[in-house]
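Data block below; observations after.
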Amino acid sequence: MNDERSIRDLITRWADAVHTGNIDSVLAEHDSEIVMFDVPPPYRGIRGIDEYRGSWPPFFEFQRQGALFEIVELDVTAGDDVAFAWALLRCGTPEEFEKNPDNRLRLTIGLCKRDGRWVVTHEHHSFCLTD
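To convert, note that position 121 of the sequence shown is 121 in full-length UniProt numbering; the numbers rise steadily by one, no gaps.
Here it is in structure tokens:
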């Protein structure tokens with residue numbers, strides 16, 4: 001399997017794990033020193049795997065209320081030992097999509113190859129500001 005396909009599969013597994021609330025699978029293939037800039041605070045971002053783990057329970061609760069979390073577009077660029085990917089995801093409740101069907105979560109992921117496998121070292125999640 002080539003690097004681009006491996007990364008696509010990694011991101012797809014991660015998104016599926018987020019949607020189902022499987023914290024062990026969400027954390028899999030993430031660096032212990034991950035930095036994540038997310039939609040909610042803290043403004044300095046999330047630093048390290050323990051903070052990353054702690055950031056997910058409120059989102060899982062949101063998911064249990066019927067929210068969607070699905071990749072609609074994904075692009076991967078892979079070098080020999082560094083890669084990045086961006087994606088657009090449908091992330092929200094059916095009621096939110098009734099009001100704004102085009103709304104998308106924007107995701108950027110940075111990865112490094114460690115011991116022959118790709119690990120996520122950075123995530124950035126954002127939404128467009130609306131009026």
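From the three backbone atoms N, C-alpha and C, an ideal C-beta is built for every residue, glycine too.
Since the model is a prediction, treat every value here as computed from it, not as a measurement.
Which first and last residues belong to the beta strand (DSSP E) in which residue i is found?
| i | result |
| --- | --- |
| E98 | From DSSP, E98 is part of no beta strand (DSSP E) but of the alpha helix (DSSP H) over P94 to K99. |
| E117 | Inspection of the sequence shows that residue 117 is occupied by Arg rather than by Glu. Looking at the DSSP string, the run of the beta strand (DSSP E) that includes R117 is R117 to S126. |
| R114 | L105 to R114 |
| V35 | H30 to F37 |
Tell me where the alpha helix (DSSP H) around residue i begins and ends.
| i | result |
| --- | --- |
| D24 | I23 to L27 |
| D16 | D3 to T20 |
When we look at the beta-carbon of residue i and count the other beta-carbons within 10 Å, is it buried (16 or more) or exposed?
| i | result |
| --- | --- |
| Y43 | exposed |
| G66 | exposed |
| G92 | buried |
Could you round the C-beta distance between residue i and residue j to whole angstroms and report it? I think they count as a contact, below 8 angstroms.
| i | j | result |
| --- | --- | --- |
| I23 | R53 | 7 angstroms |
| F84 | I109 | 7 angstroms |
Is the number of C-beta pairs between the segment 14-29 and the segment 96-105 that are closer than 8 angstroms three or more? Too few Cβ pairs lie closer than 8 angstroms, so no.
Quick one: complete alpha helix (DSSP H) runs, 4+ long, within the segment 56-99? 57-64 and 94-99
Measuring CB atoms only, is the segment 111-121 touching the segment 28-41, in the sense that at least three cross pairs come out at less than 8 angstroms? yes
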